[in-house]
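Worksheet for the structure shown next.
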Amino acid sequence: MRVLIIGSGGREHALVWKVKRSALVKKVYCAPGNYGISCDALCIDIPAHDIKRLLAFAVKEKIDLTIVGPEQPLVAGLVDEFEANGLAIFGPNQRAAELEGSKAFAKELMARHKIPSAEFRIFTALEEAQNYVNSARMPLVIKADGLAAGKGVYVCTEKVQALIALHQIMESRVFGQAGSRVVIEEFLTGEELSVLALSDGENLVYLAPAQDHKRIFDGDLGANTGGMGAYAPTPFLDEETFRRIRTEIMEPTIRAMAREDRPYRGVLYAGLILTSEGPRVLEYNCRFGDPETQVILPLAASDLVEAIMACRAGGLANFQWRNHAGAAAGVVIASGGYPERYTTGHPIVGLEGPLEKDVVIFHSGTKAAEGHPVTAGGRVLTVTAWAPDLEAAIARAYRTVGKLTFDGAYYRRDIGARGLRKR
Ligand code: AMP
Ligand code: GLY
């Protein structure tokens with residue numbers, strides 16, 4: 116098979132890495148990819164949002180399967196376009212991707228189908244939202260309705276913060292159209308985790324449950340980021356909790372989407388929080404998580420392409436997804452200053468030479484400058500390692516992290532520490 120991966124981050128590098136290991140696959144393309152991806156796949160210089168050119172490329176190159184990384188092209192209807200042209204593609208179509216594309220839609224769907232999540236209100240008028248905030252008890256969580264590149268969520272402990280958030284979203288329109296509606300949610304506390312499953316529209320196949328580290332500083336302090344590291348499987352998911360997540364959240368979501376004539380095919384990623392009253396949905400994503408995928412796929416023993424082909428043929432009911440024993444940990448190395456301002460173009464040192472066994476380096480923001488790797492984004496590299504237990508996987512990952520550097524390189528030193536404390 117000729118497989119095309121769409122996107123340019125560490126998640127897409129992990130997808131390329133995994134797909135290349137499939138016995139079904141002869142050639143892997145990535146659009147647009149990055150420096151590290153270009154070492155593993157043929158990179159095509161088409162941005163992930165350029166649906167027309169991606170389609171023309173896939174038709175011309177007779178691509179047998181396309182896998183979409185980021186949410187934006189899914190929400191914009193890339194899958195619909197590919198399918199209308201008879202191309203095999205993995206991901207939800209536009210109507211199904213609404214689950215991530217509109218937080219108001221997702222909240223109302225959960226309410227209609229009694230899927231546990233935070234209490235909420237939806238507002239389209241700034242003044243009404245302001246009045247609500249003024250009369251409500253803090254803390255509150257304010258979310259722009261549409262896609263906001265992971266920046267549309269404000270956790271507010273003070274009313275003034277909430278009022279500023281509303282102003283930014285609804286009046287200044289810092290996220291454009293995504294701010295025409297807001298969701299105001301009850302603040303929940305508990306351990307957060309990411310459950311990802313492949314769905315054929317009816318059946319679910321679960322990947323290893325993971326935990327992301329969203330905050331920039333050690334101890335989960337500081338600003339929210341795209342994710343500074345992850346590990347899997349997470350010990351916070353005992354048998355009973357996992358059963359509840361499957362039967363109270365994941366299965367009802369897939370059934371709800373089918374019943375509402377939006378059959379969901381693709382990866383369903385639930386961002387969950389384990390409250391004292393049980394698991395609750397914080398958000399749905401309609402795609403693979405980043406950085407979660409960078410630990411979930413190295414941990415997988417099963418063939419992803421085989422699973423996706425089964426999924427497309429409606430045959431997930433009998434598909435067994437298997438993981439290797441042990442655990443995987445991935446540490447992100449970011450540009451100094453991320454998630455605020457940072458500089459790029461710094462040469463990356465330490466990528467040459469052989470890697471320690473059971474380690475892989477995934478590239479996010481890297482590009483070639485005169486043939487050499489330089490930084491090109493906020494998150495630059497992820498070192499993923501796997502081992503018989505989490506502690507060994509973390510130690511192994513950090514050994515390689517210590518050999519990589521560039522001007523201003525920054526990483527958290529406590530990836531996986533919550534998991535270790537829990538064991
Ligand atoms: P989201 O993009 O919706 O996952 O939100 C980003 C982060 O904001 C989550 O990972 C949580 O840490 C936090 N968050 C979102 N919704 C809530 C909520 N209702 N209660 C507490 N924290 C939340
Ligand atoms: N890890 C967070 C995300 O993929 O949205």
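Numbering (the working numbering) for the sequence shown: 116 to 538.
Heads up, the beta-carbon is just placed ideally off N, CA and C, and yes, glycines get one too.
Just so it is clear, the structure is predicted and the values come from calculations on it, not from any experiment.
Residue i Cβ short of 6 Å to ligand 2 heavy atom set
i      : result
Asp327 : yes
Asp335 : no
Gly342 : yes
Asn339 : no
Gly291 : no
Asn400 : yes
Gly445 : no
Gly294 : no
Gly480 : no
Gly393 : no
Gly261 : no
Gly492 : no
Asp405 : yes
Neighbour-count burial assignment, residue i, 16 or more Cβ in a 10 Å radius
i      : result
Ala240 : exposed
Thr362 : exposed
Thr497 : buried
Val174 : exposed
Val275 : exposed
Gly486 : exposed
His124 : Contrary to the premise, residue 124 reads as Gly rather than His in this sequence. Looking at its Cβ environment, which holds 16 or more other Cβ atoms inside 10 Å, Gly124 is buried.
Arg511 : buried
His128 : buried
Asp327 : buried
Leu539 : Because the chain here runs from 116 to 538, residue 539 falls outside it and cannot be looked at.
Ala542 : No answer is possible for residue 542: it lies beyond the span of the chain, which begins at 116 and ends at 538.
Asp418 : buried
>> Quick check for students: name the residue ranges of the beta strand (DSSP E) that lie wholly in the stretch 309–385, counting only runs of 3 or more.
In response: 319–321, 330–332, 336–339 and 344–347
> Would you call the stretch 463–471 and the stretch 517–537 touching, i.e. three or more CB-CB distances under 8 Å?
Replying inline: yes
> Considering only residues of the stretch 186–254, which uninterrupted beta strand (DSSP E) runs meet the minimum length of 3 residues and lie entirely inside it, listed in chain order?
Replying inline: 235–238
> Using the beta carbon as the reference atom, which residues fall closer than 5 Å to any heavy atom of ligand 1, ordered along the chain?
Replying inline: Ala233, Val256, Val268, Glu300, Phe302, Leu303, Gly386, Leu397 and Glu398
>> At 3 residues or longer, what runs of the beta strand (DSSP E) sit wholly inside the stretch 252–316?
In response: 255–259, 268–271, 297–301 and 306–315
>> Using 8 Å as the cut-off, can you tell me whether the stretch 205–212 makes contact with the stretch 369–381, which would need three or more C-beta pairs spanning the two stretches below that distance?
In response: yes
> Do the stretch 394–401 and the stretch 117–130 make contact, defined as three or more Cβ pairs closer than 8 Å?
Replying inline: no
> Taking three-plus beta-carbon pairs below 8 Å as touching, is the stretch 432–447 in contact with the stretch 344–361?
Replying inline: yes
>> List, from N- to C-terminal side, the beta strand (DSSP E) runs of 3 residues or more that fit wholly inside the stretch 465–496.
In response: 474–478, 481–484 and 487–490
>> Any contact between the stretch 255–265 and the stretch 289–306? By contact I mean 3 or more CB pairs, one from each, below 8 Å.
In response: yes
>> Quick check: the stretch 422–435 against the stretch 262–274, are at least 3 beta-carbon pairs closer than 8 Å?
In response: no
> Is there contact here, the stretch 384–397 with the stretch 276–286, by at least three beta-carbon pairs under 8 Å?
Replying inline: no
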